[in-house]
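What follows is a set of notes on a single structure, which appears directly below.
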Amino acid sequence: MESAMSVQHIKQITPELNLYHYNQMPVLELKHAVGQAKIALQGAQLLQWQPKGERELLWLSKIESFELGVPIRGGIPLCYPWFGNKKQPIHGTVRLYLWSLSDYAIEEDKVRLVFSLFNELNCIEAKVLMVFTQDCQIEFTHYGETPAQAALHTYFNVSDIAQVEVNNLPQTGLNAITQQIEVLPSTRKIAGNVDCVYTLENVQNYTNSINDLGFTRQIVLEHQKISDLVLWNPWNNTVSAMQDSDYRQMLCLESARITKLLQTGEKIGVKISTKNIR
9 MESAMSVQHI
19 KQITPELNLY
29 HYNQMPVLEL
39 KHAVGQAKIA
49 LQGAQLLQWQ
59 PKGERELLWL
69 SKIESFELGV
79 PIRGGIPLCY
89 PWFGNKKQPI
99 HGTVRLYLWS
109 LSDYAIEEDK
119 VRLVFSLFNE
129 LNCIEAKVLM
139 VFTQDCQIEF
149 THYGETPAQA
159 ALHTYFNVSD
169 IAQVEVNNLP
179 QTGLNAITQQ
189 IEVLPSTRKI
199 AGNVDCVYTL
209 ENVQNYTNSI
219 NDLGFTRQIV
229 LEHQKISDLV
239 LWNPWNNTVS
249 AMQDSDYRQM
259 LCLESARITK
269 LLQTGEKIGV
279 KISTKNIR
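Count along the sequence shown from 1, add 8, and you get the number used in our numbering.
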């Protein structure tokens, strides 16, 4: 059952870019020749990206409440300045804060949006850059003085988890469920609860892909300056703001700096593109 939601138009920024309230949460809607996107100002969180002529790339819960101060289930949440549940709130604080749209450029074949988070002294703490062409690029910059973890916790929209495989994964990873290091296949199919952290030897750029036979598409991820990849699907376990069968239509493959902390001024990012497969 989908959540009831009030949508109210607040402001036109450009003909292509408008600000709405989804319930009480400010959300930017982009409708442009390159595609359509929705970004919540809470957490500078990309909720939707649909390139022109293609199907939706990201998964977003249909029962999401869009309640201020509550994490949004889906899209690309930013986990920062920590990852996981060793501190509260889980996956850090900034996905609960309201960010500012600090810069933008709307061009004929490209859209560039910049979101900034400022502290109580009006000094910048972090920045998120989003660039939309036929592809989507997200770049996060850490400006805080203290070293921090960060992850782009991307929820991908898939046809059916049984028709999906993830390619070019590292061959060892930490099973976060058992807390055991495991030797794993480079290509993985999901057939149960998966929560795996793959740690790379050094901070590096890394490319892998998701093949979705049901949607006849390949999602290519070019991870930038990462130390870890995270693969997650809860299967039929109870998860907040998810319906029982939602695990069949989503898969998380995350670009992360967990084991190698971000220093002041360092960035992490991912470029996401798609192509048809047969």
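All C-beta atoms, glycine included, are put in the ideal place defined by N, C-alpha and C.
Per DSSP, the unbroken beta strand (DSSP E) holding residue 40 starts and ends at 33–40. Ranked by Cα distance from residue 281, the first of 235, 141 and 270 is 141. Rounded to whole angstroms, residue 272 and residue 260 show a C-alpha spacing of 27 Å.
Under the 10 Å beta carbon count, residue 17 is surrounded by fewer than 16 other beta carbons and is classified as exposed. Per the coordinates, the alpha-carbon of residue 47 lies some 27 Å from the alpha-carbon of residue 204. Around the CB of residue 131, fewer than 16 other CB atoms lie within 10 Å, so the residue is classed as exposed. Secondary structure remark: continuous alpha helix (DSSP H) runs of at least 4 residues inside the segment 181–209: none found.
Between the beta-carbon of residue 150 and that of residue 72 there is about 27 Å, and that puts the pair past the 8 Å contact cut. Between the segment 220–228 and the segment 162–172 there are three or more C-beta pairs closer than 8 Å, enough to call the two in contact. Put simply, the backbone Cα of residue 250 is about 15 Å away from that of residue 201.
Going by beta carbons, residue 43 and residue 60 fall inside the 7 Å limit.
For residue 100 against residue 90, the beta-carbon gap comes to about 5 Å, under 8 Å, which counts as contact. In this structure, residue 276 and residue 134 do not form a Cβ contact; the two beta carbons are roughly 11 Å apart against a cut-off of 8 Å. Residue 148 and residue 245 have their alpha carbons spaced roughly 31 Å apart.
Shown here, residue 98 sits in coil according to DSSP, grouped into three states, outside any helix or strand.
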